[in-house]
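Q:
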Amino acid sequence: MFESRITDQDRIVYYHDAIGLYGNLGKREEVYRAWNVFKKICPKTLMMDYYTVISSLVRLGDIEGAEQLYAEWLSVKPTHNPKIVNLLMTYYTRNGLLVKAEALLDRMVESGGKRNPQNWKPRPVNVSSILSICEQNDDMQSKDILMGLLSQVGCLEDEAYKSNVPSTGGVATVCDEDEDITKMKFFSINCRLKNARGT
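Take the position in the sequence shown, starting the count at 1, then add 5; the result is the number in my numbering.
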């Protein structure tokens, strides 16, 4: 496998990328193999490491494996991480497992996590799509309801947010989830390098 050519400095990035690549290719066994090798060479795992492998397993539909790794994460870091919780919650809700989704949310709250709808904002690209459908179907009632909900959660008071939603005078943008993941990986790698250098 190509992992044998990875240098010490590049290990974190390459293993994250390899796990993600294997997940995208549908190679479940390779995801686990790369994860197990990664844990041996880098025993101090961070949230981003677990996020990477859990997101790959969720994409593969291996929810049992994702849940086991999340339980492993909780045994190391006994706080629920919202990014990982969101991966599982998304899978549960998309697959009609609402009881599991609610139970996970309740466990998160019981362990000190907070439900915070004040911070939640739908992606502008999704809002734009819904508003476009409403306008195409001349469904102003649904559009008004959506705008009311956006107002309730504070989206319409946020000028930066509004500027990305065409129906509020903004311009539609395409949200790139990979950009968020890349930023998280970069932060995780920088933390590791600082710890390794002792700075």
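Where a beta carbon is used, it is the ideal one built from N, C-alpha and C, also for glycine.
(1) Quick check on Asp-54: buried or exposed, where buried means 16 or more other Cβ atoms within 10 Å of its Cβ?
(2) Taking the alpha-carbon of Ser-105 as reference, which of Ala-23, Val-114, Glu-115, Leu-93 has the nearest alpha-carbon?
(3) Report, in whole angstroms, the separation of the C-beta atoms of Ser-60 and Tyr-27, which I expect to be a contact under 8 Å.
(4) Going by Cα to Cα distance, which pick from Pro-48, Asn-86, Val-58 is closest to Ala-38?
(5) Return the first residue and the last residue of the alpha helix (DSSP H) that Val-130 is part of.
(6) Run through DSSP, which three-state label would Ser-147 get?
(7) If you compare alpha carbons, which of Thr-50, Arg-99, Asn-86, Asp-111 is closest to Val-63?
(8) Grab me the residues of Tyr-96's own chain with a C-beta within less than 7 Å of its C-beta, minus the 5 sequence neighbours each way, in chain order.
(9) Rank Ile-24, Lys-88, Ala-76 by C-alpha distance to the C-alpha of Leu-65 and give the top, closest one.
(10) Classify Thr-50 as helix, strand or coil using the three-state DSSP reduction.
(11) Could you work out which residue in Glu-107, Met-145, Leu-154 is closest to Val-90 when comparing CA atoms only?
(12) Give the single residue among Leu-74, Leu-79, Asp-111, Gly-153 whose Cα lies nearest to the Cα of Trp-40.
(13) Can you list, in chain order, the residues of its chain whose CB lies under 6 Å from that of Phe-43, leaving out five sequence neighbours each side?
A: A quick look at the data gives this:
(1) By 1-based counting over the sequence shown, the position of residue 54 is 49. Under this definition Asp-54 is a buried residue.
(2) One-based indexing of the sequence shown puts residue 105 at position 100. Note that residue 105 is Lys in the sequence shown here, rather than Ser. The option with the nearest alpha carbon to Lys-105 is Leu-93.
(3) In the sequence shown, the residue the question calls residue 60 occupies position 55. In the sequence shown, the residue the question calls residue 27 occupies position 22. Wrong, their Cβ atoms sit about 12 Å apart, outside the cutoff.
(4) For the purposes of this step, residue 38 is identified with residue 33 of the sequence shown, where counting begins at 1. At residue 38 the sequence reads Arg, which differs from the Ala that was named. Each of Pro-48, Asn-86, Val-58 was checked against the Cα of Arg-38, and the nearest Cα belongs to Val-58.
(5) Here residue 130 refers to the residue found at position 125 when the sequence shown is read from its first residue. Note, Val-130: alpha helix (DSSP H), 129-141.
(6) As a working mapping, residue 147 is identified with position 142 in the sequence shown. In the structure shown, Ser-147 adopts helical secondary structure according to DSSP, grouped into three states.
(7) Within the sequence shown, residue 63 is the residue found at index 58, counting from 1. Taking only the C-alpha atoms, the option nearest Val-63 is Arg-99.
(8) Against the sequence shown, residue 96 aligns to sequence position 91. Excluding sequence neighbours, Tyr-96 sits near Val-63, Ile-68.
(9) Residue 65 sits at position 60 when you count from the first residue of the sequence shown. Comparing Cα-Cα distances from Leu-65 to each of Ile-24, Lys-88, Ala-76, the minimum goes to Ile-24.
(10) One-based indexing of the sequence shown puts residue 50 at position 45. Thr-50: coil per DSSP, three-state reduction.
(11) Position 85 of the sequence shown, counted from the first residue, corresponds to residue 90. The shortest C-alpha separation from Val-90 is found at Glu-107.
(12) Position 35 of the sequence shown, counting from 1, holds the residue named residue 40. Minimum Cα distance to Trp-40 is reached at Leu-74.
(13) Position 38 of the sequence shown holds residue 43. Residues of the same chain with a CB within less than 6 Å of the CB of Phe-43, apart from the 5 flanking positions on each side, are Tyr-20 in chain order.
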